[in-house]
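Asker: Residue numbers (our numbering), protein chains in the order written: chain G, 1 to 903; chain W, 1001 to 1154. For glycine and all other residues, C-beta sits at the position ideal for the given N, C-alpha and C. Fair warning: this is a prediction, and the values are worked out from it, not measured in the lab. My structure is below; once you've seen it, I'll send some questions.
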Amino acid sequence: MTTASIHIDGNAYSVTAGQSLLRACLSLGFNVPYFCWHPALESVGACRQCAVKLYRDEKDTRGRIAMSCMTPVTDGMIVSIEDPDVRKFRARNIEWLMLNHPHDCPVCDEGGECHLQDMTVMTGHTYRRTRFRKRTYRNQDLGPFVNHEMNRCIQCYRCVRFYRDYAHGRDLDVFGIHDSVYFGRHEDGVLQNIFAGNLVEICPTGVFTDKTGKRHFVRKWDLQTAPSVCVHCGLGCNIIPGERGGELRRIRNRFNGSVNGYFLCDRGRYGYEFVNSPSRVRQPLRRDGRGEHHKPLRSEEARALFADILSRKGRVVGVGSPRASLEANFALRALVGPEHFFAGMADTELALIQRQIDIMKIGPVPAIPLGKVATCDAVLVLGEDVTNTAPILALNILQACRNAPMARADALHIPRWEDRAAREAAQQVKGPFFLITAHDTWLDESAELVFKGTPDDIARLGFVVAHFLDEDCPSVAGMDGDRTDIARTIARSLGQARDPLIISGPGTGSGYVIDAAANIAWALRKNNRNARLSFTVPECNSLGLAFMASQAVDSALAAVERGAADTLVILENDLFRRTDKDRIIACLNACKHVVLLDHLMHGTASLADLVLPVGTFAETTGTLVSSEGRAQRFFQVYAPQGDIRPSWQWMRDAMTVRGTLRGASWRYLDDIIAAIAGEFPELQPVIDSAPPGAFRIKGLKVPRETHRVSGRTSIHADTTVHEPKPPDDPDSPFAFSMEGYGGKPPSSLIPRFWAPRWNSVQALNKFQSEVGSDLVGGDPGCMVIEPNTGEEPVYRQSIPEVLAPSGSLVPVPLYHIFGSEELSMFSSSVAGRAPCPYVALNPRDASRLGLSNGDEVEIAGRWRGPVVLRAGLPEGIVGVPSGLPGTGAGITGGRVDVTKVTS
Amino acid sequence: MLSEDERMEILKELEGAEDAPSIAMEALRIVQGRRGYISDETLCDIAAFLNMTPHELDSLATFYSFIFRKPVGRHVIYVCDGVTCWVMGHESIFEHLKQRLGINWGETTEDGSFTLLPVSCIGACDHAPAIMIDSTLYGDLSKEKIDEILKEHR
Chain G
1 MTTASIHIDG NAYSVTAGQS LLRACLSLGF NVPYFCWHPA LESVGACRQC
51 AVKLYRDEKD TRGRIAMSCM TPVTDGMIVS IEDPDVRKFR ARNIEWLMLN
101 HPHDCPVCDE GGECHLQDMT VMTGHTYRRT RFRKRTYRNQ DLGPFVNHEM
151 NRCIQCYRCV RFYRDYAHGR DLDVFGIHDS VYFGRHEDGV LQNIFAGNLV
201 EICPTGVFTD KTGKRHFVRK WDLQTAPSVC VHCGLGCNII PGERGGELRR
251 IRNRFNGSVN GYFLCDRGRY GYEFVNSPSR VRQPLRRDGR GEHHKPLRSE
301 EARALFADIL SRKGRVVGVG SPRASLEANF ALRALVGPEH FFAGMADTEL
351 ALIQRQIDIM KIGPVPAIPL GKVATCDAVL VLGEDVTNTA PILALNILQA
401 CRNAPMARAD ALHIPRWEDR AAREAAQQVK GPFFLITAHD TWLDESAELV
451 FKGTPDDIAR LGFVVAHFLD EDCPSVAGMD GDRTDIARTI ARSLGQARDP
501 LIISGPGTGS GYVIDAAANI AWALRKNNRN ARLSFTVPEC NSLGLAFMAS
551 QAVDSALAAV ERGAADTLVI LENDLFRRTD KDRIIACLNA CKHVVLLDHL
601 MHGTASLADL VLPVGTFAET TGTLVSSEGR AQRFFQVYAP QGDIRPSWQW
651 MRDAMTVRGT LRGASWRYLD DIIAAIAGEF PELQPVIDSA PPGAFRIKGL
701 KVPRETHRVS GRTSIHADTT VHEPKPPDDP DSPFAFSMEG YGGKPPSSLI
751 PRFWAPRWNS VQALNKFQSE VGSDLVGGDP GCMVIEPNTG EEPVYRQSIP
801 EVLAPSGSLV PVPLYHIFGS EELSMFSSSV AGRAPCPYVA LNPRDASRLG
851 LSNGDEVEIA GRWRGPVVLR AGLPEGIVGV PSGLPGTGAG ITGGRVDVTK
901 VTS
Chain W
1001 MLSEDERMEI LKELEGAEDA PSIAMEALRI VQGRRGYISD ETLCDIAAFL
1051 NMTPHELDSL ATFYSFIFRK PVGRHVIYVC DGVTCWVMGH ESIFEHLKQR
1101 LGINWGETTE DGSFTLLPVS CIGACDHAPA IMIDSTLYGD LSKEKIDEIL
1151 KEHR
């Protein structure tokens, strides 16, 4: 990268040559208005708003007007942003764009954070001169997530560029011509793309807005916000939840260049309503005997009862939670003792995740930061349905697939940021992206090569690929010619790539698949130090929990069954999602006491003797470890009403009452974090994942409310005219207040993106070291796993055998972005998109078994559902949806019989 | 459902084409040639045949003035509203047509003989003001000439 010296309005600046002038100007902090440009979508030159003046040389006094987004930065360039001609041009341009724009800002959901509003004010267009009628459109029903109001459109084309080009959606497009251009669908209907919610942030005005937010709308400036982390999968995307009046109102993306960048998936954006769900546990509940109804009890009583249960000389075991913070899990571990602490997942799942951690630790290949996936130029996915288990990873893979075909644009000297031309040059050519999965997935269309098979087939093929890359890898006996050819093709492509990436995960339930991925990555590493790995995990803190426990739910139940335990303390977990239903019921009944700390009423809650109400991610502070091993702090957004408290405080208090254990010395969250770091040296970086609670800037806390927040003195006027004291928060550097430090805080403490004159989400430009790159001061989060780059790895040797053909089928879990995740299913918009339980069969298997579409079948004696014929499922596999509410734990491993239920 | 003939004709266009979507315009014209216009149902059939979504095909179809997404009359009159025709009296031509036919832009006469559509430029600036009826170009128009032309098409 070469630097260029450019002159802007008489001052000299040094910037990277070859980038677009608009990006350079924005990175330097200039307020150049723009619409069609977006840092992730780059330039198309459609809106004519970012005009600047260019001068040939010092003698040129006239200059010429050019679009800065379409102009490459060259050395010695002379530019004016403030020239009167070009200022007038920009004002006139916006006047044109505003011709048909309605004057509905006061009732528009975008008002107050509208890029169009900001730009209009910035250019100085204040008076409407046109006398003509505005064109109007009929709006469409686009489903539960996105609201449509086409009259506000200024035809910047960002929506279709994001939806079609970036996210590969095919059901949103542009219609018509001239001044009746329409962005929408061919007919009303649910937007099918799982990233559709990003339209809300991509649209520079109010055409696409958050439909769930409409039910409880609050302006951006009235929201109380804090930096947070998404809890709906293991990737750890950064989010900004917003609250007012004790209700969580919405989720917005929080840019983190190393993680999610600019985008969220729809589960992450719309799953939040579980926090407001009527199923929330808001006060302590107890039942006097089995089969009795729960009765509420006061907080102090609950605390005493909890301590009492623990002190009855019972044999207590604790079950932690992969969806609870490190701090909450550690508190439980301290409460029950390390040997009595069990990870709240199936033992098989814990083994898979620990296998992944091992591979990341002992091997030399680092886990790739999610935000860097898009820079890879060859991708192999082994086994994992990333679209549904790690959606933003899938979105980034799509961008990675573009890199190799972009060589065609490079050869033509088309800068990649010149988006339309570069895409035109690359045509429909597919990059080296290989998909080896158990069934058809959404990514199939984008892959160069797709192979489908059972988890064992997947692993075996993976081992062959590794063997082709390095002969020291074990070879696989009995592979047929076709599969060998496929493996050879993949190995060749990966071997030639500059930045190859291998992705796998626990989705198929097979450890062999994970091992095969490790061998491929390690084999690549021998010749290419850029090789990278990525493992997904099922839940937001699966990885963190796996550091703390060596046994899991099945072992905990076994302890109850053999009489080694009679009291169960369960943290933020519904055991029915983990293992066999009958076994859980028997165990819970066998216990003297079952205590649950959770925020939602679910199957386990209804069987607990004592239920303690705990805060969700929005009501507590804590740390999560993402699938790549990044420890990230999420901060309490608002103080919950009533008896809801953080899990760790309930447990700390119980320990204090008992007068035992070190819990008594945990005054603040930071005390637990220090204890975690002391106990687990690997988790030491957790301390640095965000500043401590005592952190102040100029002696001030960071305010959660904006300086414009309204109604502070009047919002409680119906009950009291006194302004209540804001709640204290000793656990974080944030205050529940509009008062505090008004400048930019460190990157891990940014509660919202706002800058003077930039009220929209585009204010983010002002927080990045360069527009589109990392946040000033570095992206938040600390890695807890360092790869062992010193030693040669020992290749994994154990390869699955080919099973003899049989009439039984191999069960494979099918994941659904809307449906498979527990918490988001308490959000009505997400639940509305989830499928009903079903059993997927290849049509040929179905006809062999005498089954047809809709027949009710039973699997393994416990799973029931109607048959759905799915040609994309290979023969010999039966697909069972994972995690749908009320369906219990999934079925993986072995073989099962599918039998018709005759009623 | 596309007819056998329509399929054959589209497949013929497909020979030598890079991919199916690249002949979308030809496919629309082939089917419109036989059916007069592209209904929603027809659009979906063609899209499925070309491995496109209806959204993608409709995006193309609605861009072009010569693809009809609603039924039209036996003859379609395209009135050029390009700059040259406008300078040379486009407005009076349009007013006259409107009065003679008793219809406005986008409408079809009651007897189903004419549909009136604007078109951005038909490349006949040297004979402005100009119109097209179906595929025939008429230039250097006056009110009298229009009456004559209409009579021919009745």
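Would residue 1118/W pass as an interface residue toward chain G - the criterion being a Cβ-Cβ separation below 7 Å?
Answerer: In the second sequence, residue 1118/W corresponds to position 118, counting from 1. For residue 1118/W, the answer is no, since every Cβ of chain G falls outside 7 Å of its Cβ.
Asker: By a C-beta neighbour count over all protein chains shown, 10 Å radius and 16 as the cutoff for buried, is residue 356/G buried or exposed?
Answerer: As a position in the first sequence, residue 356/G is number 356, starting the count at 1. The residue in question, residue 356/G, is buried, as its Cβ has 16 or more Cβ neighbours within 10 Å.
Asker: Candidates 819/G, 758/G, 706/G and 728/G: which alpha carbon is nearest residue 221/G's?
Answerer: The residue given as residue 221/G occupies position 221 in the first sequence. That would be 706/G, whose Cα lies nearest to the Cα of residue 221/G.
Asker: Measuring straight from C-alpha to C-alpha, what distance separates residue 624/G and residue 876/G?
Answerer: As a position in the first sequence, residue 624/G is number 624, starting the count at 1. As a position in the first sequence, residue 876/G is number 876, starting the count at 1. Going from the Cα of residue 624/G to the Cα of residue 876/G covers about 38 Å.
Asker: Looking at the unbroken alpha helix (DSSP H) that takes in residue 1150/W, where does it start and where does it end?
Answerer: Indexing the second sequence from 1 puts residue 1150/W at position 150. Element bounds for residue 1150/W: 1143–1153.
Asker: Assuming residue 142/G and residue 190/G are in contact, meaning their beta carbons sit under 8 Å apart, how far apart are those beta carbons, in whole angstroms?
Answerer: Within the first sequence, the letter at position 142 stands for residue 142/G. Within the first sequence, the letter at position 190 stands for residue 190/G. Yes, they are in contact, since the Cβ atoms of residue 142/G and residue 190/G sit about 7 Å apart, within 8 Å.
Asker: Inspect the beta-carbon positions of residue 551/G and residue 342/G and report whether they are closer than 7 Å.
Answerer: Indexing the first sequence from 1 puts residue 551/G at position 551. Indexing the first sequence from 1 puts residue 342/G at position 342. Their beta carbons are under 7 Å apart, which means residue 551/G touches residue 342/G by this criterion.
Asker: Let me know the secondary structure DSSP gives residue 1070/W once reduced to three states.
Answerer: Mapped onto the second sequence, residue 1070/W falls at position 70. Three-state DSSP puts residue 1070/W in coil, outside helix and strand.
Asker: CA-CA distance, residue 418/G and residue 1065/W?
Answerer: Walking along the first sequence from the start, residue 418/G turns up at place 418. Walking along the second sequence from the start, residue 1065/W turns up at place 65. Their backbone Cα atoms lie some 30 Å apart in a straight line.
Asker: Counting only runs of 3+ residues fully inside the stretch 611–680 of chain G, write out the beta strand (DSSP E) ranges in chain order.
Answerer: The qualifying runs are 622–625 and 630–634.
Asker: Along the chain, where does the alpha helix (DSSP H) containing residue 818/G start, and where does it finish?
Answerer: On the first sequence, position 818 is the one that residue 818/G refers to. Premise fails: residue 818/G is in no alpha helix (DSSP H) and is neither H nor E.
Asker: Measure the Cβ-Cβ separation of residue 1076/W and residue 1118/W and say whether it is below 7 Å.
Answerer: Sequence index remark: in the second sequence, residue 1076/W carries index 76 (1-based). Sequence index remark: in the second sequence, residue 1118/W carries index 118 (1-based). Cβ distance not < 7 Å, so residue 1076/W and residue 1118/W don't count as in contact.
Asker: According to DSSP, is residue 754/G helix, strand or coil?
Answerer: In the first sequence, counting from the first residue as 1, residue 754/G sits at position 754. Note: residue 754/G maps to coil in three-state DSSP.
Asker: Going by C-alpha to C-alpha distance, which of 489/G, 534/G, 42/G and 52/G sits closest to residue 628/G?
Answerer: Taking the first sequence and counting its residues from 1, one reaches residue 628/G at position 628. Among 489/G, 534/G, 42/G and 52/G, the Cα nearest to that of residue 628/G belongs to 534/G.
Asker: CB residue 683/G to CB residue 677/G, shorter than 7 Å?
Answerer: Position 683 of the first sequence holds residue 683/G. Position 677 of the first sequence holds residue 677/G. Cβ distance < 7 Å, so residue 683/G and residue 677/G count as in contact.
Asker: Closer than 8 Å is the cut-off here; do at least three beta carbon pairs connect the stretch 491–509 of chain G with the stretch 432–440 of chain G?
Answerer: The answer is yes - the stretch 432–440 of chain G touches the stretch 491–509 of chain G, with three or more Cβ pairs under 8 Å.
Asker: Would you call the CB atoms of residue 353/G and residue 537/G closer than 7 Å?
Answerer: Translated into positions along the first sequence, residue 353/G becomes position 353. Translated into positions along the first sequence, residue 537/G becomes position 537. The answer is yes: Cβ separation under 7 Å.
Asker: Helix, strand or coil: how does DSSP classify residue 281/G here?
Answerer: In the first sequence, counting from the first residue as 1, residue 281/G sits at position 281. Residue 281/G falls in the coil class under three-state DSSP.
Asker: Just grab the DSSP bridge partners of residue 253/G for me.
Answerer: Within the first sequence, residue 253/G is the residue found at index 253, counting from 1. Beta-bridge pairing links residue 253/G to 239/G.
Asker: Give, in chain order, every residue of the stretch 174–188 of chain G whose Cβ lies closer than 7 Å to some Cβ of chain W.
Answerer: Here the close residues are 174, 175, 176, 177, 185 and 186.
Asker: Report the residue from 796/G, 864/G, 607/G and 701/G whose alpha carbon sits nearest the alpha carbon of residue 292/G.
Answerer: Numbered from its first residue, the first sequence carries residue 292/G at position 292. Checked all of 796/G, 864/G, 607/G and 701/G; the closest Cα to residue 292/G is 607/G.
Asker: What's the gap between the Cα of residue 13/G and the Cα of residue 33/G?
Answerer: Sequence index remark: in the first sequence, residue 13/G carries index 13 (1-based). Sequence index remark: in the first sequence, residue 33/G carries index 33 (1-based). Cα-Cα distance, rounded: 20 Å.
Asker: Give, in chain order, every residue of the stretch 1045–1074 of chain W whose Cβ lies closer than 7 Å to some Cβ of chain G.
Answerer: Here the close residues are 1053, 1054, 1055, 1056, 1058, 1059, 1062 and 1063.
Asker: Select from the stretch 427–460 of chain G all residues with a C-beta closer than 9 Å to any C-beta belonging to chain W, and list them in chain order.
Answerer: So the close ones are 427 and 428.
Asker: Just the Cα atoms here: how many angstroms apart are residue 464/G and residue 66/G?
Answerer: As a first step, residue 464/G is located in the first sequence; it is residue number 464 there, counting from the start. As a first step, residue 66/G is located in the first sequence; it is residue number 66 there, counting from the start. Rounded to whole angstroms, residue 464/G to residue 66/G spans 55 Å at the Cα level.
Asker: Taking C-alpha atoms, which residue in 793/G, 821/G, 117/G and 62/G lies nearest to residue 761/G?
Answerer: For this step, residue 761/G is matched to residue 761 along the first sequence. Closest by alpha carbon: 117/G.
Asker: Would you please verify whether the beta carbon of residue 171/G is less than 7 Å from any beta carbon of chain W?
Answerer: The sequence position of residue 171/G within the first sequence is 171, counting from 1. Cβ-Cβ to chain W under 7 Å: yes for residue 171/G.
Asker: Could you tell me the distance, in whole angstroms, from the CA atom of residue 49/G to the CA atom of residue 123/G?
Answerer: As a first step, residue 49/G must be located in the first sequence, where it is residue number 49. As a first step, residue 123/G must be located in the first sequence, where it is residue number 123. Each residue's alpha carbon lies about 10 Å from the other.
Asker: Determine the extent of the beta strand (DSSP E) in which residue 1137/W is found, giving its start and end residues.
Answerer: The residue labelled residue 1137/W in the question sits at position 137 within the second sequence. Note, residue 1137/W: beta strand (DSSP E), 1136–1138.
Asker: Check whether the stretch 805–814 of chain G touches the stretch 872–890 of chain G, taking contact to mean three or more Cβ pairs, one atom from each stretch, closer than 8 Å.
Answerer: Counting Cβ pairs under 8 Å, three or more are found: they touch.
Asker: Closer than 8 Å by C-beta to residue 703/G: which residues in its own chain qualify, once you throw out the five before and the five after it? Chain order, please.
Answerer: Counting from 1 along the first sequence, the entry for residue 703/G is found at position 703. Contacts found: 734, 735, 737, 738, 739, 740, 741, 742 and 751.
Asker: Looking only at its chain, what residues have a beta carbon closer than 8 Å to the beta carbon of residue 857/G, apart from the 5 residues adjacent to it on each side?
Answerer: On the first sequence, residue 857/G is found 857 positions in, with the first residue counted as 1. Once the five neighbours on either side are set aside, the close Cβ partners of residue 857/G are 839, 851, 864, 865, 866, 867, 898, 899, 900 and 901.
Asker: When we look at the beta-carbon of residue 1003/W and count the other beta-carbons within 10 Å, is it buried (16 or more) or exposed?
Answerer: Residue numbering aside, residue 1003/W sits at position 3 when the second sequence is read from its first letter. Classification of residue 1003/W: exposed, given that the 10 Å Cβ count is below 16.
Asker: So does residue 291/G have its beta carbon nearer than 6 Å to some heavy atom of the ligand COA?
Answerer: The model depicted lacks the ligand COA and carries no ligand whatsoever.
Asker: For a test of the three-state rule: what should DSSP assign to residue 887/G, helix, strand or coil?
Answerer: Looking up residue 887/G in the first sequence gives position 887. Coil at residue 887/G, not helix or strand.
Asker: Under 9 Å between beta-carbons, which chain G residues line up against residue 1019/W? List them in chain order, please.
Answerer: For the purposes of this step, residue 1019/W is taken as residue 19 along the second sequence, with counting starting at 1. Neighbours of residue 1019/W on chain G, chain order: 428.
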